[in-house]
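Have a look at the structure below, then the notes.
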Amino acid sequence: MLDRIQDKVANVRVQAVNAVYKLQDKTNPECPIKAAFKFHLAVDPSADVRKSVVRYIAINVDTVSVILGRLDDTSDKVRKHLYLSIAKQNINNFTIRQRQTFIKKGLQDRNPSVRSAVENTLLPVWFSRKSHDYLEFLNSVDVEVFEKPALQALEILAKKDEKRSFADQFEALLNDSCLFPLDQITPNKTLFWRFVTSYLAKEDRAVDDEDEDDQKLPKLTDFAKYIRAYYLNKEKEVEVWKQMQTDFNLIQLLTIVKLYDFKDEVGRSHIERLCIDLLKCAHVTASELITTIIELFALVVRNDETRLNIIAEVISDLREPLVNPVADSPAASPFTIAPPPAPGPRPHHFSSIQQVCNIQTTPTPLLLHTTGASHSGPRRYGGRIARGGGRRGL
Numbered sequence: 004m005l006d007r008i009q010d011k012v013a014n015v016r017v018q019a020v021n022a023v024y025k026l027q028d029k030t031n032p033e034c035p036i037k038a039a040f041k042f043h044l045a046v047d048p049s050a051d052v053r054k055s056v057v058r059y060i061a062i063n064v065d066t067v068s069v070i071l072g073r074l075d076d077t078s079d080k081v082r083k084h085l086y087l088s089i090a091k092q093n094i095n096n097f098t099i100r101q102r103q104t105f106i107k108k109g110l111q112d113r114n115p116s117v118r119s120a121v122e123n124t125l126l127p128v129w130f131s132r133k134s135h136d137y138l139e140f141l142n143s144v145d146v147e148v149f150e151k152p153a154l155q156a157l158e159i160l161a162k163k164d165e166k167r168s169f170a171d172q173f174e175a176l177l178n179d180s181c182l183f184p185l186d187q188i189t190p191n192k193t194l195f196w197r198f199v200t201s202y203l204a205k206e207d208r209a210v211d212d213e214d215e216d217d218q219k220l221p222k223l224t225d226f227a228k229y230i231r232a233y234y235l236n237k238e239k240e241v242e243v244w245k246q247m248q249t250d251f252n253l254i255q256l257l258t259i260v261k262l263y264d265f266k267d268e269v270g271r272s273h274i275e276r277l278c279i280d281l282l283k284c285a286h287v288t289a290s291e292l293i294t295t296i297i298e299l300f301a302l303v304v305r306n307d308e309t310r311l312n313i314i315a316e317v318i319s320d321l322r323e324p325l326v327n328p329v330a331d332s333p334a335a336s337p338f339t340i341a342p343p344p345a346p347g348p349r350p351h352h353f354s355s356i357q358q359v360c361n362i363q364t365t366p367t368p369l370l371l372h373t374t375g376a377s378h379s380g381p382r383r384y385g386g387r388i389a390r391g392g393g394r395r396g397l
């Protein structure tokens, strides 16, 4: 029968695959049947043959590479049965990168039936393997590089969660102020936090209910102090990977802040001050983080001219700080509001802010004249910031 897999008639090859698949030796990397299946899955011109192989090939470390290669198969049926076969495997049998590839490509597939196989079979089955624990499911991927597909997968699972266990699991993590303990913040938790609050907010908007208590949001002032304590009170120098992780967490927290209506004047002023201090912080250099801060700042300070003037002053302070850094003050309580140390000049930092805000600076001499006499040169140099016709002298 193994010879019949090489038959020139596609239907014969299909029947041969159906007949010999039970004879595979899953533990033997030299198994001739697995070798034949891998060959035909990779190069067989018949979609029916590839579909049969996908259904019956033993998926393990010996065959996963050719399986990954079929995620872009030209046949919708082959891709669909591929995901159905993958769903039968324990999620722990795959590496993090392989899991991410399966989920991302499956959710982005152009064919609705393939996406349906991922949404209705692969994700629910893998989720059940994690005891329907949302955080455990997120532990199966690297959320820092898999943010959008992870959020998409969480939404799919939440819609199928009739018991709304995501809300119960989320509430179990909160303290009395609807906040996670600072020493327990992880990328998985902040992404889950962002997802649940956004999901509940979306549900409230669908029924014209904007009650922030129903969305499990903390008081805005408390949240501003919380973010300040988490990010601005950190030690000055950390390892690169740790800083990237902290930046990711900050982006999730600031994205949650965008859900507020900012009717609380005191809370809004705290967020405004927080955004300004974050822009001045020496650690804030990633363009994605700066973009998130600017987007939040635009929600807090609605007037374009006022907002641009404030950002211009921030850039001016970064370009030419007026004071030198001072020694660290004695340790304060976690929620003490204290301005960050005055930074030194950081061209990359303020240029990143200019780029994100689409602000350009051009040095312009400001000539000072006295009655009856004129100076031969400029007494002081300033700058001009322009965006859409608005100007601000630095």
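Quick note: the sequence shown uses the numbering used here, first residue 4, plus one each step.
The beta carbon of each residue, even a glycine, is placed where N, CA and C say it ideally should be.
The distance from the Cβ of F251 to that of E147 is about 5 Å, consistent with a contact at the 8 Å cut-off. Under the three-state reduction of DSSP output, E298 falls in the helix class. Taking 8 Å as the cut-off, the beta carbon of I259 is found no closer than this to the beta carbon of A227. For D250, the enclosing alpha helix (DSSP H) has its first and last residue at V243 to V260. Less than 8 Å divides the Cβ of V81 from the Cβ of V57. When C-beta atoms of the region 259-270 are compared with those of the region 285-292, fewer than three pairs fall below 8 Å, so the two segments do not count as touching. The alpha-carbon separation between T124 and L281 amounts to approximately 43 Å. DSSP places Y137 within a helical segment (H, G or I) once states are collapsed to three. In this structure, DSSP gives R197 a helical state, which the three-state scheme calls helix. Between T200 and L220, the beta carbon gap of about 6 Å places them in contact (Cβ cut-off 8 Å). Boundaries of the alpha helix (DSSP H) around N21: A13 to V23. Look at C34 here: in three-state DSSP terms it is coil, with no helix or strand label. Residue range A50 to Y59 is occupied by the alpha helix (DSSP H) that includes A50. If you ignore the 5 residues before and after V69, its C-beta comes within less than 7 Å of the C-beta of K41, L44 and A45, all in its own chain and listed in chain order.
By the neighbour-count definition (other C-beta atoms within 10 Å, threshold 16), K37 is a buried residue. The residue among D145, S143, T30 and Q218 with its C-alpha nearest the C-alpha of D171 is Q218.
In the structure shown, the three-state DSSP call for Y86 is helix. Taking the Cβ atoms as the reference, Q101 lies roughly 7 Å from L71, within the contact range of under 8 Å. By alpha-carbon distance to R310, the top candidate from I60, I99, I279 and E291 is I279.
Taking 8 Å as the upper bound for CB-CB distance, L154 and T193 are not in contact here, some 12 Å apart. Just measuring C-alpha positions, the residue of D6, L157 and S49 sitting nearest Y202 is L157.
With contacts defined by Cβ atoms closer than 8 Å, F195 and Y137 form a contacting pair.
Between I62 and the set A50, K91, S78 and P48, the nearest pair of CA atoms involves K91. For a cut-off of 8 Å, the C-beta gap from D10 to A19 is around 7 Å, short enough to register as a contact.
When the beta-carbon positions are compared, I188 and V144 stay at least 8 Å from each other. About 6 Å separates the beta carbons of L253 and L292, which is inside the 8 Å limit, making them a contact pair.
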